[in-house]
Amino acid sequence: MKIIFIADCHLKGLRDPNQDALCSFLDGLFKIDKLIILGDFFDLWIGLNNVVYTQYKPVLKSLFALSESGVEIIYVEGNHDFAMGPYFTETLKAKVYADTCGLLLDDKRIYMAHGDAINMTTGYELFRKLLRSPFLDLLKLIIPPPMAWNIGSSMSKSSRGYGKKNPSIDAGQTVFAKEKLKSGFDGVILGHSHAAGIHENLNGEGTGFYANPGGWVNDHSFLVYEDGEFNIRNYVVRKDIEEEVH
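Under numbering that gives the first Met the number 0, think of the first position of the sequence shown as 0, with each following residue one higher.
Structural data, given as structure tokens:
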């Protein structure tokens, strides 16, 4: 079994060269079993009924091709993308989770989440609840998609730690992972910190790990599971060659 985990791509639209790189990467993944997206794949995606953002047409086409080829897509929402809507659940046949997701992998219980809900400040917790409230659902029925795009783009750019690696967040996630391991999970995989890494033996008994695919937006990093092992890799895009670096 081969699984690709990716997070924090923060795609910004048609003019974002990062979207071209991601499409090239996704178009070569037809030999995998699952693609697991751990939030903030888009810099902005707030489900507006059946609206599909044309700014993301290239990458949506790549995801559709993967789905049609038999690759299972699992999407754990982040703080920049939520309420994914019917395009993901129906057209892409993706399994979408609002907060957390469990995965049974070779008899091991894996806990997965984006990670923004860990160690939240009071202000952010209230803001997060507002964005997922019935009030926002009502606004989505009233506000035209172009206006929603402009408002959301401004909000995402002003968010804390925008697009940067955050070691302090990663340290907090490591502490959180240890608690999850104590509760019975064998591994924890999170995004949000943009800090790629695999931390093993967290329970002091030779087992238990916390992994983070890192921020694709920073250095095209991702996490791969194959032949019973996890590894961090980077996808390098050049003008004359595209390659996966091991």
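Backbone N, C-alpha and C define an ideal beta-carbon position, used for all residues, glycine too.
- If you ignore the 5 residues before and after residue 190, its C-beta comes within less than 6 Å of the C-beta of 6, 7, 37, 38, 113 and 114, all in its own chain and listed in chain order.
- In the structure shown, residue 34 falls within a strand segment according to DSSP collapsed to helix, strand and coil.
- Residue range 220-225 is occupied by the beta strand (DSSP E) that includes residue 225.
- For the pair of segments examined, the segment 211-219 was found to touch the segment 17-33: the number of CB pairs separated by less than 8 Å reaches three.
- For the 9 Å CB-CB criterion, residue 213 and residue 196 form a contact.
- The three-state reading of DSSP puts residue 217 in helix, counting H, G and I together.
- In the structure shown, residue 92 falls within a coil segment according to DSSP collapsed to helix, strand and coil.
- A direct Cα-to-Cα measurement between residue 57 and residue 51 gives close to 12 Å.
- Per DSSP, residue 53 is not a residue of any alpha helix (DSSP H), being assigned neither H nor E.
- By the 16-neighbour rule on beta-carbons within 10 angstroms, residue 93 is buried.
- Residue 2 is a Cβ neighbour of residue 31, given a cutoff of 9 Å.
- Just so you know, the alpha carbons of residue 78 and residue 182 end up roughly 25 Å apart.
- Closest in alpha carbon position to residue 208, among 231, 22 and 177, is 177.
- Remark: C-beta atoms of residue 168 and residue 4 do not approach each other more closely than 9 Å.
- Taking residue 64 as reference, the option from 25, 109 and 99 with the minimal CA-CA separation is 25.
- Residue 41 is not a Cβ neighbour of residue 98, given a cutoff of 9 Å.
- Take the alpha-carbon of residue 61 and the one of residue 22: they are about 6 Å apart.
- Residues of the same chain with a CB within less than 7 Å of the CB of residue 166, apart from the 5 flanking positions on each side, are 194 in chain order.
- Around the beta carbon of residue 13, fewer than 16 other beta carbons sit within 10 angstroms, so the residue counts as exposed.
- If you keep only unbroken alpha helix (DSSP H) runs of at least 4 residues inside the segment 161-209, you get 166-181.
- When DSSP reads this structure, residue 111 sits in a beta bridge with 100 and 188.
- C-alpha of residue 87 to C-alpha of residue 95: approximately 8 Å in a straight line.
- Its Cα nearest to that of residue 11, the residue 43 stands out among 34, 35, 0 and 43.
- Across the structure, residue 226 and residue 53 are spaced so that their CA atoms are roughly 38 Å apart.
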